[in-house]
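So the protein lines, in turn, are chains F and C. Residue 75 is where the first sequence starts when you use our numbering, and the numbers rise one by one after that. Residue 7 is where the second sequence starts when you use our numbering, and the numbers rise one by one after that. C-beta: ideal position from N, C-alpha, C; glycine also.
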Amino acid sequence: MKLAPAGPVRSPASRKAFVELEDLSMIYEAAPDSRLLALDRVGCAIAESEFCTIVGPSGCGKSTLLMLTAGLYRPSAGRVVIDGTPVTGPWHGVGMVFQRDLLLEWRTALDNVLLPIEVKKLPRPAFEDRARSLLRLVGLAGFENAFPEQLSVGMRQRVAICRALIHDPRLLLMDEPFAAVDLLTREKLGLDLLRLTDEHPKTVLFVTHSVEEAVLLSDEVLVFGPRPGRILRRLENDLPKPRSLASRSDVRFHRLVDEIRAVFQAAGVLS
Amino acid sequence: MRRNAAVLVVYGVLLAAWAVAGSLPSVPAFILPSPLAILHRVARDPGTLVFHSLVTLQEVVFGFLLAVLLGIPLGVLIVWSRLLERLFYPALVALQAIPKVALAPILVIWFGFGPTSKVTLAFVTALFPIVIDTVVGMSQTPPEMIHLMRSLGASGLQIFTKVRLIAAAPQVFGGFKIGITLAMVGAVVGEFIAANSGLGYYLLIANNAFDAPLLFGIVILLSLLSVALFYLIELIEMLVLPRPLRRSAWKIQPGAGA
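Rendered as structure tokens:
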């Protein structure tokens with residue numbers, strides 16, 4: 075397979091880079107003679123406390139990119155640098171949210187949120203108040219002792235977000251976190267997330283295949299092209315903050331959405 | 007309550023039909039003894055029946071416990087390591103494929119006429135479903151959950167004790183339920199081949215004496231004991247597992263698994 079030329083994209087030099095992806099390539103070897111190039115020399119830098127969305131079609135290696143950033147997969151080439159240090163194994167200052175909420179059914183909402191504290195063997199009492207206040211922030215006050223099966227899909231995902239934030243990670247990696255949620259709840263969850271990351275500043279890498287969601291939430295959008303996954307365009311998002319449902323009717327919102335669609339169209343993703 | 011009443015009515019009708027059929031002059035008593043005749047025969051010497059039941063029960067319980075004690079670690083090892091999976095899995099399937107009746111004479115040669123050979127046979131029969139259900143239950147943990155745990159710095163042991171094992175519990179209990187009924191089959195088969203006590207042995211005695219009512223009585227007792235053991239496991243499951251785990255550990259969400 076031939077590698078397509080793709081130059082690294084740099085963020086404005088004015089802000090300090092927190093996550094640097096340096097010419098990341100990922101090859102999956104399905105069989106001895108069948109290799110899949112999932113990522114092709116992806117390079118970019120994400121500034122501290124920036125909300126960066128990655129938008130692209132299915133199978134463009136977006137999830138792989140998150141796994142590489144977390145240090146859970148090893149890249150075939152290139153490297154990930156977080157806060158100036160190359161990542162060689164699971165990087166522990168990270169919070170992760172997936173499409174599935176992955177709540178443990180036998181634990182209450184509160185105990186699910188406290189799972190990272192238990193795993194990291196931190197003192198539970200010290201974090202219990204924090205867990206309660208996180209749950210309150212996402213509108214789940216009074217549900218601390220509810221079991222996941224008693225919660226709606228949207229509520230469950232809120233618990234999962236609290237679990238990702240409980241240990242105050244500096245980096246939040248989200249892999250289509252709201253894809254299983256209905257559209258109305260989805261935008262509300264997104265805006266809740268913005269409120270949370272406003273109160274507890276985090277660098278966020280947020281994967282989605284919804285162009286609107288990518289624009290509504292981000293400071294910056296990375297537009298990914300399919301097979302092999304690569305950055306087609308990097309866009310600064312000038313949509314004013316704080317964002318609300320009203321941001322959707324802003325002219326700039328539509329301009330950005332159109333611009334991203336045009337990039338996809340040019341790459342042959344939309345026809 | 008109405009459903010319970012319906013169940014009672016159905017069983018009552020079946021029993022009555024049996025009683026009528028058994029008392030027909032054209033049906034000899036040694037082919038189909040009536041329920042009343044069976045009850046009479048059983049009531050004449052309940053002590054012997056209780057004695058043989060206890061022998062069989064003991065074999066079943068020991069064989070089953072052995073299968074649990076070895077089956078769960080074996081399942082864990084199979085999930086844990088590819089090498090051990092290749093090593094144990096085919097052997098386990100091969101063992102399961104052997105008719106247990108064929109195994110019984112060998113076990114008698116090895117372990118003698120006493121209960122040990124029956125315990126072993128019960129163990130061998132119950133092992134398979136317990137191992138398989140442990141493997142299946144533990145493999146159901148979504149890969150993302152493992153990623154999530156690893157990203158938190160969890161060790162393999164932590165992922166195992168905090169997530170995989172607990173999540174596998176409903177499935178493992180399913181394996182227990184199949185295992186205990188199979189252990190009963192194993193023990194009785196063992197007693198059939200060579201024994202000097204146990205319900206299987208007593209069944210052969212009754213058969214040789216053309217004692218049809220006793221024969222039927224023992225068969226009914228065997229099935230009642232199996233049912234009792236099955237529901238005992240279910241009771242333990244209810245007591246041990248937290249309520250949300252009683253159905254299944256991982257909920258499938260719409261659009262998930264992409």
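Practice item. Write down the C-beta distance between C:Ala-158 and F:Pro-190 rounded to the nearest angstrom, noting that I regard them as a contact closer than 8 Å. Key: Sequence inspection shows Leu at residue 158 of chain C; the Ala mentioned does not correspond to that position. Taking C-beta atoms under 8 Å as the contact rule, C:Leu-158 and F:Pro-190 qualify, at a distance of about 5 Å.
Check your understanding: By DSSP, does C:Asp-51 sit in helix, in strand, or in coil?
Key -> C:Asp-51: coil per DSSP, three-state reduction.
Practice item. State the Cα-Cα distance for the pair C:Phe-119 and C:Leu-38, rounded to the nearest angstrom. Key: About 32 Å.
Exercise for review: Go ahead and label F:Met-100 buried or exposed: buried means 16 or more other beta carbons lie within 10 angstroms of its beta carbon, across all protein chains shown.
Suggested key: Buried, because 16 or more other Cβ atoms sit within 10 Å of the Cβ of F:Met-100.
Check your understanding: With distances taken from CA atoms, which of C:Leu-221, C:Val-141, C:Ala-175 is nearest C:Ile-242?
Key -> Per the Cα distances, C:Ala-175.
Practice item. Look up F:Arg-329 in the DSSP assignment and say whether it is helix, strand or coil. Key: Helix.
Check your understanding: So which residues of chain F does C:Ile-172 contact, with C-beta pairs closer than 8 Å?
Key -> Chain-order list of chain F residues neighbouring C:Ile-172: Leu-178, Trp-180, by C-beta distance under 8 Å.
Exercise for review: Figure out for me which residue from F:Leu-188, F:Val-161, F:Gln-231 has the closest Cα to the Cα of F:Leu-20.
Suggested key: Shown here, chain F extends from 75 to 345; a query on residue 20 of chain F therefore has no answer.
**Study point:** Delimiting residues of the beta strand (DSSP E) encompassing F:Ala-105
**Key:** From DSSP, the beta strand (DSSP E) with F:Ala-105 extends over 91-105.
Point to revise | Contacts that F:Glu-223 makes with chain C (C-beta to C-beta distance below 7 Å) | key: In chain order: Pro-250.
Exercise for review: Would you kindly work out how many angstroms separate the C-alpha atoms of F:Asp-324 and F:Met-141, rounded to a whole number?
Suggested key: If I take the Cα positions, the gap works out to 34 Å.
Review point. Roughly how many angstroms lie between the CA atoms of C:Trp-24 and C:Pro-41, to the nearest whole one?
Key: Straight-line spacing of the CA atoms in C:Trp-24 and C:Pro-41 works out to 7 Å.
Point to revise | Selection of the region 102-127 of chain C by Cβ proximity to chain F, strictly under 8 Å | key: Residues of the region 102-127 of chain C that bring their beta carbon within less than 8 Å of a beta carbon in chain F are absent altogether.
Check your understanding: By Cβ distance below 8 Å, which residues in the same chain neighbour F:Gly-81 in space, the five residues on each side in sequence not counted?
Key -> For F:Gly-81, the predicted model reports a pLDDT of 43, less than 50, meaning its position is unreliable; a value from the coordinates is still stated below. Once the five neighbours on either side are set aside, the close Cβ partners of F:Gly-81 are Gly-117.
Review point. If we ignore side chains and look at the alpha-carbon of each, how far apart do C:Val-33 and C:Ala-27 end up?
Key: Cα-Cα distance, rounded: 7 Å.
Exercise for review: Helix, strand or coil for F:Cys-41, going by three-state DSSP, please let me know.
Suggested key: The structure shown does not extend to residue 41 of chain F, since chain F spans only 75 to 345, so no value can be given for it.
Check your understanding: In angstroms, rounded to a whole number, what distance separates the CA positions of F:Pro-149 and F:Val-281?
Key -> Approximately 19 Å between the Cα atoms of the pair.
**Study point:** Selected residue, minimal CA-CA separation from C:Gly-185, among C:Glu-197, C:Leu-238, C:Arg-156, C:Ser-161
**Key:** Nearest C-alpha to C:Gly-185: C:Leu-238.
Check your understanding: So, is the C-beta of C:Gln-177 closer than 8 Å to a C-beta in chain F?
Key -> The C-beta of C:Gln-177 comes no closer than 8 Å to any C-beta of chain F.
Practice item. Would you mind working out which of C:Leu-63, C:Ile-136, C:Val-67, C:Gly-180 sits nearest C:Gly-81, comparing C-alpha positions? Key: Checking every option, the nearest Cα to that of C:Gly-81 belongs to C:Ile-136.
Practice item. For C:Glu-240, count neighbouring C-beta atoms within 10 Å of its own C-beta (all shown protein chains included) and say buried if the count is 16 or more, exposed if not. Key: By the neighbour-count rule (16 or more Cβ atoms within 10 Å), C:Glu-240 is not buried but exposed.
**Study point:** DSSP bridge partner residues for F:Cys-118 (one or two, in chain order)
**Key:** F:Leu-95.
Review point. What is the rounded straight-line gap between the Cα of F:Arg-301 and the Cα of F:Tyr-102?
Key: Linking F:Arg-301 to F:Tyr-102 through their CA atoms gives a straight-line distance of about 12 Å.
Point to revise | Distance CB(F:Leu-319)-CB(F:Glu-250) smaller than 8 Å | key: The beta carbons of F:Leu-319 and F:Glu-250 sit no closer together than 8 Å.
**Study point:** Endpoints, beta strand (DSSP E) assigned at F:Phe-298
**Key:** Counting along the chain, the beta strand (DSSP E) containing F:Phe-298 begins and ends at 294-299.
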